[in-house]
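Below is one structure, written out as structure tokens, with a few remarks after it.
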Amino acid sequence: MKLTLRIWRQTGPEAPGELVDYQLDDVSPDMSFLEMLDVLNEKLILDGAIPVTFDHDCREGICGSCGMVVNGAPHGPQTLTTTCQLHMRSFSDGDTIVVEPWRSAAFPVVKDLMVDRSAFDRIIQSGGYVSVSTGAAPEAHSQLVPKPDADLAFENAECIGCGACVAACPNGSSMLFVSAKISHLNVLPQGQPERASRVLNMVEQMDAEGFGGCTNTGECTNACPKGIPQSSIARLNKEFLRASLTGKR
Ligand code: SF4
Ligand code: FES
1 MKLTLRIWRQ
11 TGPEAPGELV
21 DYQLDDVSPD
31 MSFLEMLDVL
41 NEKLILDGAI
51 PVTFDHDCRE
61 GICGSCGMVV
71 NGAPHGPQTL
81 TTTCQLHMRS
91 FSDGDTIVVE
101 PWRSAAFPVV
111 KDLMVDRSAF
121 DRIIQSGGYV
131 SVSTGAAPEA
141 HSQLVPKPDA
151 DLAFENAECI
161 GCGACVAACP
171 NGSSMLFVSA
181 KISHLNVLPQ
191 GQPERASRVL
201 NMVEQMDAEG
211 FGGCTNTGEC
221 TNACPKGIPQ
231 SSIARLNKEF
241 LRASLTGKR
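Letter 179 of the sequence shown, counting from 1, is numbered 179 in UniProt numbering, and no numbers are missing.
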């Protein structure tokens with residue numbers, strides 16, 4: 001495949017950025033999107049140019065680090081897919097592909113396609129954990145979890161913290177991400193000691209980081225590679241109201 005890549009280049013957080021065109025003439029449809037960027041970078045290095053900076057780690061859809069906006073869609077045109085799992089067969093010979101970083105005030109650009117997602121880490125630090133007693137291993141099945149609760153927690157534990165929900169949202173809201181963490185931990189017996197403080201602290205940190213509020217546009221769910229549902233946001237609102245009324249931290 002012959003492709004034109006129109007890629008956002010920005011040398012640093014304060015530098016002005018611009019879209020720059022590159023040509024690739026030998027892209028295999030079986031390459032992943034990141035392998036295609038590797039080929040571009042090898043070419044740029046051989047030409048003495050600066051390679052394109054982008055985040056990646058697992059390359060198998062589980063770490064959440066590879067986010068970028070491809071042709072206006074976070075993680076590209078395919079649903080339920082991370083950028084590393086997107087393949088070039090999703091595009092056609094002769095295409096021009098526009099590649100940009102996540103655009104959100106709370107995710108400042110570090111360089112080119114890499115953004116600083118440490119705001120998510122600080123939200124997790126504020127409440128995305130459970131306290132456990134260390135020592136002897138607990139008796140198996142000593143804490144029974146009803147199957148529907150286990151399924152709900154598991155569905156929401158699939159969130160990989162990629163930030164596509166924020167990039168897709170017209171308000172730059174991180175409600176889907178926070179709601180996945182609340183839905184994962186607040187329904188389990190192990191999550192009960194911090195149930196109220198978790199939701200109050202995480203929402204407070206979310207606001208402090210500069211993320212916007214939810215107006216139910218649903219763009220987050222459409223962009224989410226793990227299919228975290230809108231109903232998780234409803235659960236977050238319910239948990240927040242419940243904790244606010246009890247006044248517990
Ligand atoms: S809710 Fe979905 S889009 Fe948002 S961070 Fe989690 S996995 Fe990514
Ligand atoms: S590189 Fe880990 S999810 Fe894409």
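Beta carbons: idealized from backbone N, C-alpha and C, even for Gly.
It should be emphasised that the depicted structure is a prediction, and the values quoted were computed from it without experimental measurement.
Which of helix, strand or coil DSSP assigns to residue i
i	result
residue 18	strand
residue 242	helix
residue 135	coil
residue 49	coil
residue 184	helix
residue 23	strand
residue 80	coil
residue 158	coil
residue 32	strand
residue 191	helix
residue 4	strand
residue 179	helix
residue 209	coil
residue 13	coil
residue 290	An answer regarding residue 290 cannot be provided, because it is not within the stretch 1 to 249 covered by the chain.
residue 43	helix
Proximity test, residue i beta-carbon vs ligand 1 heavy atom, cut-off 6 Å
i	result
residue 181	no
residue 211	no
residue 177	yes
residue 161	yes
residue 169	no
residue 165	yes
residue 224	yes
residue 7	no
residue 233	no
Minimum C-alpha distance to residue i - residue among the options
i	options	result
residue 242	195, 46, 231	195
residue 123	30, 231, 206	206
residue 42	191, 30, 22, 233	22
residue 112	245, 179, 66	66
residue 57	188, 162, 220	162
residue 240	220, 230, 203	203
residue 155	231, 117, 96, 87	231
residue 79	164, 13, 185	164
residue 34	13, 59, 10	59
residue 118	209, 81, 31	209
residue 167	159, 107, 186	107
residue 221	53, 169, 127	169
residue 191	91, 84, 130, 54	130
residue 128	157, 139, 150	157
residue 94	149, 199, 27	27
residue 3	64, 89, 9, 55	89
residue 234	211, 246, 199, 247	199
Contact test: residue i Cβ vs ligand 2 heavy atom, cutoff 6 Å
i	result
residue 21	no
residue 64	yes
residue 117	no
residue 58	yes
residue 82	yes
residue 227	no
residue 76	no
7 Å Cβ cutoff, residue i in contact with chain B
i	result
residue 2	No chain B is part of this structure, which consists of one protein chain only.
Sufficient close CB pairs (3 or more, under 8 Å) joining the segment 88–104 to the segment 57–75: yes
The segment 172–188 / the segment 204–218 touching (three or more Cβ pairs under 8 Å): Yes, the segment 172–188 is in contact with the segment 204–218.
Sufficient close CB pairs (3 or more, under 8 Å) joining the segment 176–190 to the segment 221–228: yes
Given 8 Å, three or more beta-carbon pairs between the segment 14–32 and the segment 114–132: no
Validate contact between the segment 43–50 and the segment 143–151 using beta carbons, cut 8 Å, 3 pairs: no
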